[in-house]
Amino acid sequence: MPPLYKRFLTADPLPTLSLLAFTGCLCLLHFSPQTFMPHDEGWYAQQARWFLETGDWVTLRWWDTVIFDRCIGLQWLIALSYSVLGISELAARLPSTLACLTCVWLTYQIGDRCISREVGWLGGAILAVTPVWMQLSWLTMQDVLLTCIELVGIWALLQAESAPRHRWQWGLLAGSTVGLGFLVKSIMIFLPWLALMPYLVLEQRRHRHLSNGGFYLGLLLGALPVAVWLALAVDRYGWLPLQQLFGKLLFLAQEDFHQVGPLYYFWNIPANAFPWPLVALPGVWWGLRGQNKHRRWLWLGYPLVFLLELTLFKTRTWYYPAQLLPFVALLAALSLSHLRAVYGGQSARRKWLLAFSYATAGLGGLVVLAGLGLIRYPHLAAVDNLPAYGLLAIAVGIGWLLPGLIAYRDRRRPPPQRASVGWQLSWLVAPGSAIALLFATGLWGNYSPEVKMALQTPAIAAVLSQHPVSLVTPQPAEKSAVLLTVYTPTLGQRFDTPTDIPPGLYAWVDPQYQNQLAAALVLGEFRGWHLVQF
Numbered sequence: 029m030p031p032l033y034k035r036f037l038t039a040d041p042l043p044t045l046s047l048l049a050f051t052g053c054l055c056l057l058h059f060s061p062q063t064f065m066p067h068d069e070g071w072y073a074q075q076a077r078w079f080l081e082t083g084d085w086v087t088l089r090w091w092d093t094v095i096f097d098r099c100i101g102l103q104w105l106i107a108l109s110y111s112v113l114g115i116s117e118l119a120a121r122l123p124s125t126l127a128c129l130t131c132v133w134l135t136y137q138i139g140d141r142c143i144s145r146e147v148g149w150l151g152g153a154i155l156a157v158t159p160v161w162m163q164l165s166w167l168t169m170q171d172v173l174l175t176c177i178e179l180v181g182i183w184a185l186l187q188a189e190s191a192p193r194h195r196w197q198w199g200l201l202a203g204s205t206v207g208l209g210f211l212v213k214s215i216m217i218f219l220p221w222l223a224l225m226p227y228l229v230l231e232q233r234r235h236r237h238l239s240n241g242g243f244y245l246g247l248l249l250g251a252l253p254v255a256v257w258l259a260l261a262v263d264r265y266g267w268l269p270l271q272q273l274f275g276k277l278l279f280l281a282q283e284d285f286h287q288v289g290p291l292y293y294f295w296n297i298p299a300n301a302f303p304w305p306l307v308a309l310p311g312v313w314w315g316l317r318g319q320n321k322h323r324r325w326l327w328l329g330y331p332l333v334f335l336l337e338l339t340l341f342k343t344r345t346w347y348y349p350a351q352l353l354p355f356v357a358l359l360a361a362l363s364l365s366h367l368r369a370v371y372g373g374q375s376a377r378r379k380w381l382l383a384f385s386y387a388t389a390g391l392g393g394l395v396v397l398a399g400l401g402l403i404r405y406p407h408l409a410a411v412d413n414l415p416a417y418g419l420l421a422i423a424v425g426i427g428w429l430l431p432g433l434i435a436y437r438d439r440r441r442p443p444p445q446r447a448s449v450g451w452q453l454s455w456l457v458a459p460g461s462a463i464a465l466l467f468a469t470g471l472w473g474n475y476s477p478e479v480k481m482a483l484q485t486p487a488i489a490a491v492l493s494q495h496p497v498s499l500v501t502p503q504p505a506e507k508s509a510v511l512l513t514v515y516t517p518t519l520g521q522r523f524d525t526p527t528d529i530p531p532g533l534y535a536w537v538d539p540q541y542q543n544q545l546a547a548a549l550v551l552g553e554f555r556g557w558h559l560v561q562f
């Protein structure tokens, strides 16, 4: 048997199976109806649908406008998923969910090779209970897929180190991820590879990745799908695809598009991924001071350099840091590993851990009471689904009670190792329970429920099931227009004004033309848009 495969066939499957089963169960907790976010989910889902309807897998369009403002890899995968499962939210979100499961496993593998098996497994588990990460895993967006491709490249580099006889093949895989990442999100793939340069250059004498011919061949092979797609697009539309694609990228790099300021990620990442970025901060300290210097430029230098790059990139969004989260999870796992050792020891610091556990339990009790109040008095605030938020608060509060209860049990003397692992894992319960309820209640996943409610009314449903419906608006990328586009089963044409429409056609009409519908039969309405027959 080739040595390349022995590690996989002889490895203990329990850590992998437990991680994938846990993450998969979280991802499947979608009991409520599902609807897309208009941007960017509806955009990608509809572009993939047009691939199947037109047979044109080269052109990126929005209605009658050719628009190469992003790359095409995710849309291809969604279209393939549609062709197997049919057109639905599940099929559109499946590529991101599968990429999420793969990232959890790759986080475990990278942590195992760089730090320890315990930290690797715990890092994978923490990634699976990181709120913003799991939300992105159930969105039709590029970021989890891009992160998966990046982690495959890093994992392949580590495989090349541990299997020198097969370093050429692993280098080939690592190099190909650059082109595949570009196919998903264009130049954003270059940011992680720039962040890898300290590891690649400063540790070159040890790993020799930069002198691996397979890596450079992989760069060429990975660029081949990008080159073919762009060549076909340029042949069809001239230089327009290149001008739009790279023009958009220059615009994003030069303009603070969302006007959030340079410190945006320093509060946004802790808020969206709470509590793990805060737990990861001691991991950075222990990583710098610890004896484990093996590949430190990778597991510690890479996320720090990447955070600096994201901060310097002027367009800042809540989903760009997804690529950082596997390493945040590993650093948080390193912190929990050190804290477990303190919890199971005899030092004076153990008393501080017990006190912190008690304080967290007290806060958890207050959160449970607040959740009960939201359920008992749902009219306290004008917020939709307030009882669902009450259930969410109860789940989080109970999760925060657990570490305190375990600490109280072990207050007199340090517990045996197995019991201290229970205290360590109890910190995962609160975010895991919160994520499970966010999925199960539809707070994550059912982002535009009103569109399906409107389209299921008898008059509208009868028209949609039997006739193509056009769109009358000069702004077809507006949010409501995107939702109507993606949820209209058979689309007609787009018109700028009602005067352009031939008699007899059905159409969704922009709210700005409401005063021009006197001669039309109005059949229904959604957010000011009217379904009419002219």
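When the letters of the sequence shown are read in order and numbered with my numbering, they come out as residues 29 to 562. Backbone N, C-alpha and C define an ideal beta-carbon position, used for all residues, glycine too. Source: prediction; values computed, not measured.
Going by beta carbon distance, what residues of the same chain come within less than 7 Å of residue 290, once the five residues before and after it are set aside?
In the same chain as residue 290, and ignoring 5 residues on each side of it, the C-beta atoms closer than 7 Å to its own belong to 339, in chain order.
If I measure Cβ to Cβ from residue 539 and keep anything under 7 Å in the same chain, skipping five residues before and after, which residues do I get?
Answer for residue 539: 556, 557, listed in chain order.
Checking the sheet assignment: what are the DSSP bridge partners for residue 498?
535
Looking at residue 331: is its Cβ nearer than 9 Å to the Cβ of residue 138?
no
Report the rounded CA-to-CA distance for residue 145 versus residue 183, giving the unit in angstroms.
15 Å
For residue 145, does the three-state DSSP call read helix, strand or coil?
helix
If you run the structure through DSSP and keep just helix, strand and coil, what is residue 411?
coil
Using the three-state DSSP reduction, which class does residue 455 fall into: helix, strand or coil?
Coil, per DSSP.
How is residue 328 classed by DSSP in three states: helix, strand or coil?
coil
Which residue's Cα is closest to the Cα of residue 120: 71, 492, 560?
When 71, 492, 560 are compared, the shortest CA-CA separation from residue 120 is found for 71.
On the DSSP bridge assignment, give the partners of residue 94 in chain order.
Residue 94 pairs with 89.
What is the rounded straight-line gap between the Cα of residue 99 and the Cα of residue 510?
19 Å
Look up residue 557 in the DSSP assignment and give the residues it is bridged to.
554
Please report how far the alpha carbon of residue 476 lies from the alpha carbon of residue 64, in whole angstroms.
When rounded, the separation of the alpha-carbon atoms in residue 476 and residue 64 is 6 Å.
What residues are listed by DSSP as bridge partners for residue 234?
The partner list for residue 234 (beta bridge, DSSP) is empty, contrary to what the question assumes.
Taking only runs of the alpha helix (DSSP H) that begin and end inside the segment 202-260, which ones reach a length of at least 4 residues, in chain order?
218-223, 225-230, 232-235
Tell me whether residue 361 is buried or exposed, calling it buried when 16 or more other Cβ atoms sit within 10 Å of its Cβ.
Label assigned to residue 361: buried.
Does DSSP classify residue 62 as helix, strand or coil?
coil
Nearest-angstrom Cα distance between residue 429 and residue 153?
20 Å
For residue 170, collect the residues of the same chain with a Cβ closer than 6 Å to its Cβ; drop the 5 residues on either side in sequence, then sort them by chain order.
102, 212, 213, listed in sequence order.
Cutting at 6 Å between CB atoms, please list the residues of its own chain near residue 395, excluding the five before and the five after it.
Sequence-distant partners of residue 395 (beyond 5 residues in either direction) whose C-beta falls short of 6 Å from its own C-beta, in its chain, are 421, 424, 425.
Can you list, in chain order, the residues of its chain whose CB lies under 6 Å from that of residue 122, leaving out five sequence neighbours each side?
109, listed in sequence order.
Just to confirm the assignment, what range does the beta strand (DSSP E) spanning residue 521 have?
519-523
From this set, 97, 492, 268, 220, which residue's C-alpha is nearest residue 68's C-alpha?
97
Taking the alpha helix (DSSP H) that residue 295 belongs to, which residues open and close that run?
In the DSSP annotation of this structure, the continuous segment of the alpha helix (DSSP H) that includes residue 295 starts and ends at 292-300.
Between which residues of its own chain and residue 403 is the CB-CB distance below 6 Å, once the five residues before and five after are set aside?
415, 418
Once DSSP output is grouped into helix, strand and coil, what is the label at residue 47?
helix
Between the Cα of residue 91 and those of 173, 550, 559, 502, spot the shortest distance and give me the residue it belongs to.
502
Output the residue ranges of the alpha helix (DSSP H) runs that lie fully inside the segment 112-162 and measure 4 residues or longer, sorted by chain position.
117-142, 145-156
Excluding five sequence neighbours on each side, which residues of the same chain lie with their C-beta closer than 7 Å to the C-beta of residue 347?
164, 169, 171
Nearest by alpha-carbon distance to residue 343: which of 363, 388, 292, 302 is it?
292
Can you give me the C-alpha to C-alpha distance between residue 106 and residue 125, rounded to a whole angstrom?
12 Å
What three-state label does DSSP hand residue 57 in the structure shown?
coil
Can you tell me where the alpha helix (DSSP H) holding residue 176 begins and where it ends?
171-190 is the extent of the alpha helix (DSSP H) around residue 176.
Where does residue 167 sit, in a helix, a strand or coil, going by DSSP?
coil
Evaluate residue 490 with the Cβ neighbour count: other Cβ atoms within 10 Å of its Cβ, from every protein chain shown; 16 or more gives buried, anything less gives exposed.
exposed
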